[in-house]
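Report on the following structure.
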């Protein structure tokens, strides 16, 4: 049976030039490199310059993805930008990217699902393409997450970094089998009962301020491993595939212990896990596309490989997406 598949035709990323090491952080908050590495696996992270906005990072990643796809920018008819740190309360940061790319047609909007944002945005793009709403979409995850941090709180400030990743996706005819290139299945979830486990204590409506990240680390860890594993199981059951069929696992880069725990729970060997958390930290919605671009550019992920994406973020939100590259 012929079906429309949403195919990833290009990927790109961007990281700010400033690198902040654990040693740097130990000079401003009571912590050590050993303490951070033992609990998170993080050694360093990239931090945006004062004059770098989320849209700047997103634009750089977008241009790299467009070049990788080899398309004319005017072919893009939809821009979906996942971010928790928009340039402004409104308009959507996606419209700033649209303007800078010289696009004056189609739709551009932001998605707010925190660390799950890119998986949510890709799923929306998949729906748009399958229903004919879009032919070629630019999907971005971009964050200047460092601007939400309380740099006196060592439980959170050591975890996060800034960056952006992007993908170009287009519709192609598939045979309706697991051998098709493109997105095979996606599953999204949320549960607002756990809002206070991971949230920002500010906002336009509540405090008229930006606020800072607050987190109950142990609770987040516990829910993350269970929820993510269940979402991955959904993707495998929906396609009739097994963990052995997966070529590459590209998870949200939250914490090395969470990644190791999730991979073990679903039966994936460490060598199949793409891990960038050590050098980039947790870049929220940007982490999955950053990791994806890293593995494509270094030659690990090749055309035809079966790739599993997953993420979990504040809300809680979580989800999985399985596609053949």
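Numbering (my numbering), first residue to last: 1 to 325.
We put the CB at the ideal spot given by N, CA and C, even for glycine.
The structure presented is a predicted model; accordingly, all values stated were derived computationally and were not measured.
Which residues DSSP lists as bridging residue i, in chain order
i, result
"residue 282", "160"
"residue 249", "273 and 308"
"residue 110", "81"
"residue 225", "BP columns for residue 225 are empty, so no partner."
"residue 211", "According to DSSP, residue 211 bridges with nothing at all."
"residue 47", "18"
"residue 179", "Residue 179 pairs with nothing; no bridge assigned."
"residue 169", "8 and 137"
"residue 313", "317"
"residue 240", "Answer is none; residue 240 lacks a bridge partner."
Host beta strand (DSSP E) of residue i (start-end)
i, result
"residue 137", "136 to 143"
"residue 318", "317 to 324"
"residue 340", "Absent from the structure is residue 340, since the part of the chain shown begins at 1 and ends at 325."
"residue 198", "198 to 200"
Alpha carbon of residue i to alpha carbon of residue j, nearest angstrom
i, j, result
"residue 186", "residue 175", "18 Å"
"residue 311", "residue 202", "23 Å"
"residue 123", "residue 321", "8 Å"
"residue 216", "residue 149", "15 Å"
"residue 90", "residue 208", "14 Å"
"residue 218", "residue 204", "29 Å"
Cβ shell of residue i (< 6 Å), same chain only, five flanking positions each side left out
i, result
"residue 267", "243"
"residue 60", "14"
"residue 20", "45 and 47"
Contacts around residue i, its chain only, beta-carbon distance under 7 Å, and the 5 residues preceding and following it disregarded
i, result
"residue 109", "80, 92 and 94"
"residue 318", "116, 189, 227, 228, 231, 311 and 312"
"residue 54", "83, 85, 86, 87, 93, 142, 143 and 144"
"residue 33", "22, 23 and 26"
Contact check, residue i vs residue j, beta carbons under 8 Å
i, j, result
"residue 261", "residue 42", "no"
"residue 106", "residue 71", "no"
"residue 140", "residue 66", "no"
"residue 146", "residue 165", "no"
"residue 247", "residue 305", "yes"
"residue 316", "residue 199", "no"
"residue 171", "residue 290", "no"
"residue 36", "residue 151", "no"
"residue 184", "residue 282", "no"
"residue 63", "residue 10", "no"
"residue 254", "residue 224", "yes"
"residue 40", "residue 256", "yes"
"residue 51", "residue 154", "no"
Cβ neighbours of residue i in the same chain (closer than 8 Å, five flanking residues each side left out)
i, result
"residue 380", "Examination of residue 380 is not possible in this model, given that the chain is present from 1 through 325 alone."
"residue 173", "2, 3, 4 and 5"
"residue 233", "266"
"residue 78", "106, 107, 108, 125, 128, 133, 134, 136, 137 and 138"
"residue 309", "118, 119, 122, 250, 251, 288, 292, 320, 321, 322 and 323"
"residue 73", "66, 101, 102 and 103"
"residue 180", "3, 5, 174 and 324"
Element boundaries [alpha helix (DSSP H), containing residue i]
i, result
"residue 336", "Residue coverage of the chain in this structure runs from 1 to 325, which leaves residue 336 outside it and unanswerable."
"residue 268", "No alpha helix (DSSP H) holds residue 268; DSSP gives it neither H nor E."
"residue 124", "117 to 130"
"residue 67", "54 to 69"
"residue 151", "Here residue 151 belongs to no alpha helix (DSSP H), and DSSP marks it neither H nor E."
"residue 74", "That residue, residue 74, is in no alpha helix (DSSP H); it is neither H nor E in DSSP."
"residue 289", "287 to 297"
"residue 39", "33 to 40"
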